[in-house]
Amino acid sequence: MKKIFLAVVSSVSGLLLILGLFFPGTILDRIRLYILDWAIVVGAIALAIAIINLFSVHWNKVFSNEKRDYASPFFIVGFITVVLIGILLGPNNQFFVNLTSATIITVETSLLAVLALTLSLASFRFFTRKQNLLSIVFGISSIIFLLLFSGILSLGENIPLLKALNNAITSLPIAGSTGILIGISLGAILTSLRILFGFDRPYDRK
Amino acid sequence: MSSTILTFFLIFILIILIAGSIFYFSSLKNRFEIRKSSSLLNLRKSIGLSIEHGKGLHISLGKSDLYNIHGDASLIGLETLNMIIDQSILSDNPPITTAGSGDLTLLAQSKHENVLYDKSSSTSDFHSHAYLSGATNLSYIAGVIPPSSDENLSTQIFVGNIGPEIGLLLDANQKKNHYSLPATDSLEGQSVSFAYSDDALIGEEIFSIPAQMSNNSIFKVSLLIQDLLRWLVIAIILFVLFFKFVGLI
């Protein structure tokens, strides 16, 4: 019974969202906006619960003998510090904004730097690891487009043939990515419809 | 949205529903075989070996909420999680799940709770089996790195919306000799995955995971319609190109 109720509620909500899209300015459109607002509120509450759960996971890691993680105390101290300062000074306080953004930006920039280095190394290792036709095409095209996007052919922009060639080659990645995106969109539409009509219920625990 | 686009969208949905009904209720679907993906065969093998050797599994569901544009990839991640948990129910080591969104985390937790309940396990610690790793792109990755570098793991699956930062995880996995299956709907994530892994799922292959891992006919029908629509789109592009070439458009 509970399962049927869950499937009916999700299907009806999904159908109301789609109908609201087809009939703008009507009551269905207003219902669509209400449902979207509810979804955002529920999402925010879910995020708050998940953050509390993350805190409890790290708390257990600090005080358990089995899965002790040395990063967990840092997380707990950082979390409590940020929450307390945020509550005491308010989220718009300049000190609070500077403290959080300085921490986040520093850590994320370091990760991006590591990512850039890792990707450069991966591109070198790629040729030694994979030696099939697809990999060769992938590697050669990466080099060609790196050169093209660096503006090496822009020197000959006054020559019509070179300009046409440059335009044709630079449109190739756009064509390729559009093709992949069409495929992804088709997959996404079918997944949505499957869930909308209740044929597939990944949100159901059984 | 303009009425022309909405009309096309409606026609599109109707085509899908009609084709779906024909395939589902007739024996036509049995005439087509789904080509088995070598990546997913390797995944099944790796899950089997993990259970046999008592090693752990790590599933990461990406960073997208269910209600935004990448929500479909997250739902596929959730579907994959359900199937993998069902397969690994006999394992001594329950899989660890990480997600970058609150709603995905709670849904993953409810699945873990259910499995523990089915196994009549004495522990009710399902909260530590599925947790939020971070709410932004890079904090999500930073949060996934510690569980993915566990020595006791042998298989890692990344299904959902993950950008090029997936490279950090795949690089760490390669060094530890873990089997990893990257499947993301992000183009940048796919290109980085291709450079790192032999089993990366490219393009719409992420949406074929349920059909590859389950015998449910609805997934097969869905995949058949996806293929049918792809051919339809190709035909439309070729027709438009032809008409443009002869000067009719």
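First to last, the protein sequences are chains A and B.
With my numbering, the residue at position 154 of the first sequence is 154, and numbering never jumps.
Throughout, my numbering is defined as the position within the second sequence, counted from one, plus 206.
For every residue, glycine included, the Cβ atom is placed at its ideal position computed from N, Cα and C.
Since the model is a prediction, treat every value here as computed from it, not as a measurement.
Reduced DSSP secondary structure (H/G/I, E/B, other) of residue i
| i | result |
| --- | --- |
| serine 354 (chain B) | helix |
| glycine 262 (chain B) | strand |
| serine 428 (chain B) | helix |
| asparagine 274 (chain B) | coil |
| threonine 342 (chain B) | coil |
| glycine 268 (chain B) | strand |
| leucine 387 (chain B) | strand |
| leucine 15 (chain A) | helix |
| leucine 438 (chain B) | helix |
| leucine 296 (chain B) | coil |
| leucine 407 (chain B) | strand |
Residue closest to residue i, alpha-carbon to alpha-carbon, out of the options
| i | options | result |
| --- | --- | --- |
| threonine 464 (chain B) | B:Gln362, B:Ser355, B:Leu359, B:Ser270 | Since the displayed chain B opens at 207 and closes at 455, residue 464 (chain B) lies outside it and no answer follows. |
| serine 392 (chain B) | B:Asn367, B:Ile363, B:Ser252 | B:Asn367 |
| glycine 139 (chain A) | B:Tyr273, B:Val398, B:Gly409 | B:Val398 |
| lysine 216 (chain A) | A:Leu47, A:Ile51, A:Ile76 | Coverage of chain A is limited to positions 1 through 206, which leaves residue 216 (chain A) absent and any answer about it impossible. |
| proline 388 (chain B) | B:Leu407, B:Thr361, B:Leu272 | B:Leu407 |
| leucine 54 (chain A) | B:Trp437, B:Gly340, B:Ala401, B:Phe425 | B:Gly340 |
| threonine 213 (chain B) | A:Phe23, A:Phe145, A:Ile87 | A:Phe23 |
| phenylalanine 400 (chain B) | A:Leu119, A:Ala175, A:Thr191, A:Pro73 | A:Leu119 |
| leucine 112 (chain A) | B:Ala314, B:Leu312, B:Ala348, B:Gln315 | B:Ala348 |
| leucine 263 (chain B) | B:Gly395, B:Val427, B:Ile224, B:Glu357 | B:Glu357 |
| leucine 429 (chain B) | B:Ser297, B:Phe215, B:Ala225 | B:Ala225 |
| valine 427 (chain B) | B:Phe229, B:Ser209, B:Ile219, B:Phe215 | B:Phe229 |
Separation of residue j from residue i, as counted between CA atoms
| i | j | result |
| --- | --- | --- |
| threonine 26 (chain A) | glycine 20 (chain A) | 8 Å |
| isoleucine 184 (chain A) | isoleucine 415 (chain B) | 13 Å |
| lysine 163 (chain A) | glycine 151 (chain A) | 12 Å |
| leucine 6 (chain A) | tyrosine 323 (chain B) | 20 Å |
| leucine 317 (chain B) | isoleucine 290 (chain B) | Note that residue 317 (chain B) is lysine in the sequence shown, not leucine. Taking the straight line joining both Cα atoms gives about 11 Å. |
| glutamate 108 (chain A) | leucine 344 (chain B) | 6 Å |
| glutamate 411 (chain B) | lysine 3 (chain A) | 30 Å |
| arginine 237 (chain B) | phenylalanine 231 (chain B) | 13 Å |
| lysine 196 (chain B) | tyrosine 385 (chain B) | Outside the displayed span of chain B (207 to 455) sits residue 196 (chain B), for which this structure offers no information. |
| leucine 310 (chain B) | phenylalanine 451 (chain B) | 48 Å |
| lysine 382 (chain B) | serine 110 (chain A) | 22 Å |
| threonine 170 (chain A) | isoleucine 265 (chain B) | 37 Å |
| tyrosine 337 (chain B) | leucine 84 (chain A) | 23 Å |
| serine 222 (chain B) | glycine 369 (chain B) | At residue 222 (chain B) the sequence reads isoleucine, which differs from the serine that was named. Cα to Cα, isoleucine 222 (chain B) sits roughly 30 Å from glycine 369 (chain B). |
| leucine 121 (chain A) | leucine 267 (chain B) | 26 Å |
| leucine 134 (chain A) | serine 243 (chain B) | 17 Å |
| glutamine 432 (chain B) | threonine 81 (chain A) | 50 Å |
| serine 354 (chain B) | isoleucine 363 (chain B) | 10 Å |
| glycine 90 (chain A) | leucine 272 (chain B) | 30 Å |
| threonine 303 (chain B) | phenylalanine 449 (chain B) | 51 Å |
| leucine 137 (chain A) | isoleucine 104 (chain A) | Sequence inspection shows valine at residue 137 (chain A); the leucine mentioned does not correspond to that position. Valine 137 (chain A) and isoleucine 104 (chain A): Cα-Cα distance of roughly 38 Å. |
| serine 154 (chain A) | serine 209 (chain B) | 42 Å |
| asparagine 421 (chain B) | serine 245 (chain B) | 17 Å |
N-terminal and C-terminal residue of the alpha helix (DSSP H) that residue i is part of
| i | result |
| --- | --- |
| valine 83 (chain A) | 72-89 |
| threonine 118 (chain A) | 94-129 |
| threonine 210 (chain B) | 209-231 |
| alanine 305 (chain B) | Here alanine 305 (chain B) belongs to no alpha helix (DSSP H); instead the beta strand (DSSP E) covers 302-305. |
| aspartate 29 (chain A) | 27-63 |
| tyrosine 203 (chain A) | Per DSSP, tyrosine 203 (chain A) belongs to no alpha helix (DSSP H) and is neither H nor E. |
| glutamate 394 (chain B) | 393-402 |
| arginine 194 (chain A) | 160-196 |
| lysine 242 (chain B) | Run containing lysine 242 (chain B): none; DSSP gives neither H nor E here. |
| methionine 419 (chain B) | 415-419 |
| isoleucine 140 (chain A) | 133-149 |
| leucine 374 (chain B) | 372-382 |
Start-to-end residues for the beta strand (DSSP E) that takes in residue i
| i | result |
| --- | --- |
| phenylalanine 364 (chain B) | 359-367 |
Outcome for residue i when other beta-carbon atoms lying within 10 angstroms are tallied against a minimum of 16
| i | result |
| --- | --- |
| tyrosine 34 (chain A) | exposed |
| glycine 308 (chain B) | buried |
| proline 160 (chain A) | exposed |
| lysine 67 (chain A) | exposed |
| methionine 1 (chain A) | exposed |
| histidine 259 (chain B) | exposed |
| glutamate 285 (chain B) | buried |
| glycine 187 (chain A) | buried |
| glutamine 418 (chain B) | buried |
| isoleucine 143 (chain A) | exposed |
| glutamate 371 (chain B) | buried |
| valine 350 (chain B) | buried |
| alanine 175 (chain A) | exposed |
| asparagine 158 (chain A) | exposed |
| glycine 254 (chain B) | exposed |
| asparagine 288 (chain B) | buried |
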